[in-house]
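Numbering (full-length UniProt numbering) for the sequence shown: 1 to 256.
Just so it is clear, CB atoms sit at the ideal spot from N, CA and C, and this is done for glycine as well.
Below: one structure, written as structure tokens.
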Amino acid sequence: SSLVDRRHMRFLSVGCVDSEGRANETITADADTPTAHVWAMQCMSEDDSKVVQSRSAADLCAASSKGPCEVKVKLSKAEGQPLGVELDTTDQVSVWVIRVLPGGVLEEYNRSVGPDLRIEAGDYITEANGAKGSMQIYRALAKSSLELVVRRAHRFPVVLTPLQGALNCEMVVPVDAKFLYIRKISPGPVTQWNSEHPASTVRVGDRIIAVGGVRGTSSELAAEIKRLSGMPVHLVVSQIGGMGPGAKTWCGGLDI
1 SSLVDRRHMR FLSVGCVDSE GRANETITAD ADTPTAHVWA MQCMSEDDSK
51 VVQSRSAADL CAASSKGPCE VKVKLSKAEG QPLGVELDTT DQVSVWVIRV
101 LPGGVLEEYN RSVGPDLRIE AGDYITEANG AKGSMQIYRA LAKSSLELVV
151 RRAHRFPVVL TPLQGALNCE MVVPVDAKFL YIRKISPGPV TQWNSEHPAS
201 TVRVGDRIIA VGGVRGTSSE LAAEIKRLSG MPVHLVVSQI GGMGPGAKTW
251 CGGLDI
């Protein structure tokens, strides 16, 4: 879904916290001045084609460049101006950023900060003005004054070997989306993977964003899984960073 809201904002403050909510660094800046650059780490590769070919979490960490840092952002918008973001509320816990639209508050905010502080496609908005839950967050985003909590995506490769041709994993195929949503996990390939790879645990609510190196619409991803029936299936999974086993958060290297 797409949210059209208000525009013009002043970037008030940005902070990083660890996975338990403890503040690490907080910086204050103005939208019209150079702002801080926060360096963070994550077991994540920016190139999903490389993610698919990574064999272990260690391989992924070696290619890591930035990480699931929980970013807190305050925005204020003038009446009649759009927030400028396309969103998805499938997981009921957060609001997933599909893309930042041109001409809105978020695009202006992104231009005012360093790359590690930008709100980008794939990020998760987990709180807005104290509201939690996807629909509550979505409604709160219509307000003119916003305090957002944004978590980076934790993306990792998963290789599943079907059990008698089945993955034993119930997936939703959303219309006009580019992911598959994991709704239910039954004993089988996914639970076996989780027991063997605790740092890359697949959970209900995760999104599958690539199958066999293929990225495309939800229908194309589902078709690729079906085509690979009976064979090992290589996936790239996206989940909210810093909230699961092994998905820790690091923030540091403050450079103003």
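Going straight from the alpha carbon of residue i to that of residue j, what length do you get?
{"i": "Asp-123", "j": "Leu-117", "result": "11 Å"}
{"i": "Lys-72", "j": "Val-149", "result": "5 Å"}
{"i": "Ala-222", "j": "Pro-115", "result": "33 Å"}
{"i": "Val-113", "j": "Leu-75", "result": "13 Å"}
{"i": "Glu-79", "j": "Leu-106", "result": "15 Å"}
{"i": "Lys-185", "j": "Val-237", "result": "Before going further, note that residue 185 is Ile rather than Lys in the sequence given. Looking at the two C-alpha atoms, the distance is approximately 14 Å."}
{"i": "Ala-142", "j": "Ala-128", "result": "10 Å"}
{"i": "residue 261", "j": "Leu-83", "result": "Here the chain has residues from 1 to 256 only, and residue 261 is not among them."}
{"i": "Asn-110", "j": "Arg-155", "result": "22 Å"}
{"i": "Thr-126", "j": "Pro-232", "result": "33 Å"}
{"i": "Asp-30", "j": "Ile-119", "result": "Because the pLDDT of Asp-30 is 30, which lies under 50, any placement of that residue in the model is unreliable, and the number read from its coordinates should be weighed accordingly. C-alpha separation (whole angstroms): 17 Å."}
{"i": "Ile-137", "j": "Arg-151", "result": "14 Å"}
{"i": "Ile-240", "j": "Gly-216", "result": "21 Å"}
Taking the alpha carbon of residue i as the reference point, which residue from the options has its own alpha carbon closest?
{"i": "Asp-176", "options": "Thr-90, Ser-200, Lys-72, Gln-81", "result": "Thr-90"}
{"i": "Ile-182", "options": "Val-158, Asn-194, Arg-207", "result": "Arg-207"}
{"i": "Phe-179", "options": "Leu-101, Asn-110, Ile-119, Val-211", "result": "Val-211"}
{"i": "Gly-188", "options": "Gly-165, Ser-200, Gly-205", "result": "Gly-165"}
{"i": "Ala-153", "options": "Ile-209, Gly-216, Leu-228", "result": "Ile-209"}
{"i": "Leu-228", "options": "Gly-213, Ile-240, Gln-239", "result": "Gly-213"}
{"i": "Ser-94", "options": "Lys-77, Gln-192, Met-135", "result": "Met-135"}
{"i": "Glu-147", "options": "Lys-77, Ile-240, Gln-239", "result": "Lys-77"}
Could you tell me if residue i is buried or exposed, where buried requires 16 or more neighbouring beta carbons within 10 angstroms of its beta carbon?
{"i": "Lys-226", "result": "exposed"}
{"i": "Phe-171", "result": "Correcting the residue identity first, residue 171 is Met in this sequence and not Phe. With 16 or more other Cβ atoms within 10 Å, it is buried."}
{"i": "Gly-103", "result": "exposed"}
{"i": "Ser-145", "result": "exposed"}
{"i": "Glu-196", "result": "exposed"}
{"i": "Val-158", "result": "buried"}
{"i": "Val-204", "result": "exposed"}
{"i": "Gln-53", "result": "Bear in mind that a pLDDT of 39 at Gln-53, under 50, signals an unreliable position, so the number given afterwards is only what the model happens to contain. With fewer than 16 Cβ atoms within 10 Å of its Cβ, Gln-53 is classed as exposed."}
{"i": "Gly-67", "result": "Residue confidence for Gly-67 is low, a pLDDT of 45 falling below 50, so the modelled location carries little weight and cannot support an answer."}
{"i": "Ala-40", "result": "Any reading at Ala-40 must be qualified, since the residue scores a pLDDT of 22, below 50, and its modelled position is unreliable; the value itself is stated next. Buried."}
Taking Cβ positions, are residue i and residue j nearer each other than 8 Å?
{"i": "Gly-230", "j": "Pro-162", "result": "yes"}
{"i": "Glu-70", "j": "Gly-242", "result": "yes"}
{"i": "Gly-133", "j": "Gln-81", "result": "no"}
Could you name the residues of the same chain whose beta carbon sits closer than 7 Å to that of residue i, not counting the 5 residues immediately before and after it, in chain order?
{"i": "Ile-98", "result": "Glu-86, Leu-87, Asp-88, Ala-121"}
{"i": "Val-190", "result": "Leu-160, Leu-167, Asn-168, Cys-169, Val-202"}
{"i": "residue 323", "result": "As displayed, the chain neither begins before 1 nor continues past 256, which places residue 323 out of reach and without an answer."}
{"i": "Glu-224", "result": "Val-211, Gly-212, Val-214"}
{"i": "Trp-193", "result": "Val-158, Leu-160, Val-202"}
Leaving aside the five residues before and after residue i along the sequence, list all residues of the same chain whose C-beta is less than 6 Å from its C-beta, in chain order.
{"i": "Val-100", "result": "Val-85, Leu-106, Glu-107"}
{"i": "Ala-140", "result": "Ala-128, Asn-129, Ala-131"}
Quick check: is any heavy atom of the ligand MG less than 7 Å from the C-beta of residue i?
{"i": "Gly-188", "result": "With respect to the ligand MG, the structure shown offers nothing to examine, as it has no ligands at all."}
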